[in-house]
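Trainee: Dropping a structure here in structure tokens format, bear with me for questions.
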Amino acid sequence: MKDFKHQVLDTIKHCLELVEEVSIKGTLFDLGSYPGFVQEGEGEVKGELYRINDPQKVFEVLDEYEGLNEDQPEYVRKEIAVTLNDGSELQSWIYEFQPGDGQQYKIIENGDYIAYIRNKVKNVS
């Protein structure tokens with residue numbers, strides 16, 4: 001998130017403190033203009049761990065943005081283990097993509113959305 005400019009993030013960034021980059025087991029998909037993570041698979045997905053200073057506000061904003069209140073949400077919020085740089089694990093909240101529609105999505109093989117987008121832009125130029 002630190003490398004993204006987004007209106008939703010602007011409303012909550014004062015409530016977030018970057019702790020460190022982390023990794024989680026699973027699969028990362030290219031959904032067009034944003035990524036989708038699923039916990040299935042043995043891949044390593046890179047992410048960022050944030051300390052949340054106002055959880056109620058942050059989750060209210062993010063849950064609405066991710067559509068959690070809809071009948072068939074595209075994402076669900078759940079708690080999973082993330083791996084820290086020192087190899088230890090910590091429980092953290094994530095938003096997991098719910099593919100459910102049978103559509104096939106491109107897998108981001110390296111599990112790093114930022115690097116994937118940068119490479120995609122470089123190859124277009």
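For the sequence shown, position 95 matches number 95 in the UniProt record's numbering, and the numbering has no gaps at all.
C-beta: ideal position from N, C-alpha, C; glycine also.
Alpha carbon to alpha carbon, how far is S33 from S88?
Mentor: Taking the sequence shown and counting its residues from 1, the one referred to as residue 33 is at position 33. Taking the sequence shown and counting its residues from 1, the one referred to as residue 88 is at position 88. C-alpha separation (whole angstroms): 32 Å.
Trainee: Can you give me the start and stop residues for the beta strand (DSSP E) that P35 sits inside?
Mentor: Your numbering for residue 35 matches position 35 in the sequence shown. P35 to V38 is the span of the beta strand (DSSP E), which, as asked, contains P35.
Trainee: By Cβ distance below 7 Å, which residues in the same chain neighbour V61 in space, the five residues on each side in sequence not counted?
Mentor: In the sequence shown, counting from the first residue as 1, residue 61 sits at position 61. Closer than 7 Å at Cβ, skipping near neighbours: V8, T11 and I12.
Trainee: For the beta strand (DSSP E) holding E42, just list the boundary residues, first then last.
Mentor: Taking the first residue of the sequence shown as position 1, residue 42 is located at position 42. No beta strand (DSSP E) contains E42, which DSSP labels as neither H nor E.
Trainee: Within this structure, are the beta carbons of N110 and Y116 separated by less than 8 Å?
Mentor: Along the sequence shown, read from residue 1 onward, the residue named residue 110 stands at position 110. Along the sequence shown, read from residue 1 onward, the residue named residue 116 stands at position 116. It is a contact, given that the beta carbons lie within the stated cut-off.
Trainee: Determine the burial state of E66: buried for a count of at least 16 other Cβ atoms within 10 Å of its Cβ, exposed for fewer.
Mentor: Mapped onto the sequence shown, residue 66 falls at position 66. Counting Cβ neighbours within 10 Å, E66 comes out buried, since at least 16 surround it.
Trainee: At which residue ranges does the UniProt domain "Gamma-glutamylcyclotransferase AIG2-like" (16 to 113) contain complete alpha helix (DSSP H) runs of 4 or more residues, listed in the order of the chain?
Mentor: 55 to 65
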